Amino acid sequence: MGAVQWLLKKVSKVFGRNTNSLFYVLLYREILKEINEITKNEEDSVIILREIGKQAATESCERHTAVFKWMPGSPKKIVEYFDLLWVVVFGKELEEGDLTYQEIPKEGSKYNDYIVKIKSCPLCAG
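Here is the structure:
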């Protein structure tokens, strides 16, 4: 990890803890609770919450395309910066080994697809 990335991670961790990360963690847990009351099935509730999260992330990316000008130029670089992004969003560092990813070759595209797996998520407490 480079010095700039390390510094950004430390500064972001402080701001992430003190600003709105707790609000979002509690909000997502309340959303999960409401979904669970409707479905009466914890496994289905988590699947639905993940789907909502995927759709929300996609819509957010489409609305905030200017932000991506600040991002690294390839998906591989974004995966390398994922630790930093995690600290910015949640205000805490990923534990060693919590993040794994799979690269899927995509024919006819400049970049491959990536599936990122996180062992422990503060949103769904799983």
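If you number the sequence shown the way the working numbering does, the last residue is 128 and the count never jumps. The beta carbon of each residue, even a glycine, is placed where N, CA and C say it ideally should be. Small disclaimer: the values here were computed from a predicted structure and weren't measured.
> Do Asp100 and Ile120 have their C-beta atoms closer together than 7 Å?
Replying inline: Result yes, Cβ atoms of Asp100 and Ile120 sit closer than 7 Å.
> Quick one: Cα of Glu61 to Cα of Glu53, how far?
Replying inline: Going by the C-alpha atoms only, they are around 12 Å apart.
> Going by C-alpha distance, which of Asp85, Glu98, Val81 and Leu96 is nearest Gln183?
Replying inline: Look at the range of the chain in this structure, 3 to 128, and you will see that residue 183 is not part of it.
> Which stretch, first to last residue, makes up the beta strand (DSSP E) that contains Glu105?
Replying inline: Per DSSP, the unbroken beta strand (DSSP E) holding Glu105 starts and ends at Leu101 to Ile106.
>> Looking at the strands, I want to know which residues DSSP matches up with Asp115.
In response: Its beta-bridge partners are Ile106.
>> Quick check on this structure: which residue in Thr41, Phe84 and Ile106 has the alpha carbon closest to the alpha carbon of Leu96?
In response: Closest option to Leu96, Cα to Cα, is Phe84.
> Since Glu82 is in the alpha helix (DSSP H), which residue starts that stretch and which ends it?
Replying inline: Residues Pro77 to Glu82.
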